[in-house]
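Each residue of the sequence shown is one higher than the last, beginning at 10 in this note's numbering.
No residue lacks a Cβ here, since even glycine has one placed at the ideal position from N, Cα and C.
Input: a single structure, listed below in structure tokens.
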Amino acid sequence: MTQQEFTESLEEALSWIRGVQERLKATDNTHGPRHALEARLRETEVRVPLLQF
10 MTQQEFTESL EEALSWIRGV QERLKATDNT HGPRHALEAR LRETEVRVPL LQF
């Protein structure tokens, strides 16, 4: 792997992490009815895939 390929890979990973953080921030609100909280939790579980190596 060249330095440029490594840098591109790192930038992609950091972008992915920022996206996950933004989605988590949006769902990190514990106010509201329980059914709405549970729906947001389920959405987070589905939309945040595990990083696979």
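Helix, strand or coil at Gly28 [DSSP, three-state] = helix
Distance, Leu50 Cα to Ala35 Cα = 11 angstroms
Look at the alpha carbon of Thr53 and the alpha carbon of Asp37, and state the distance between them as a whole number of angstroms.
-> 10 angstroms
Collapsed DSSP secondary structure at Thr36 in the structure displayed = helix
My guess is that Leu33 and Thr39 are in contact by the Cβ rule of under 8 angstroms, so how many angstroms apart are they, rounded?
-> So it is not a contact: roughly 13 angstroms between Cβ atoms.
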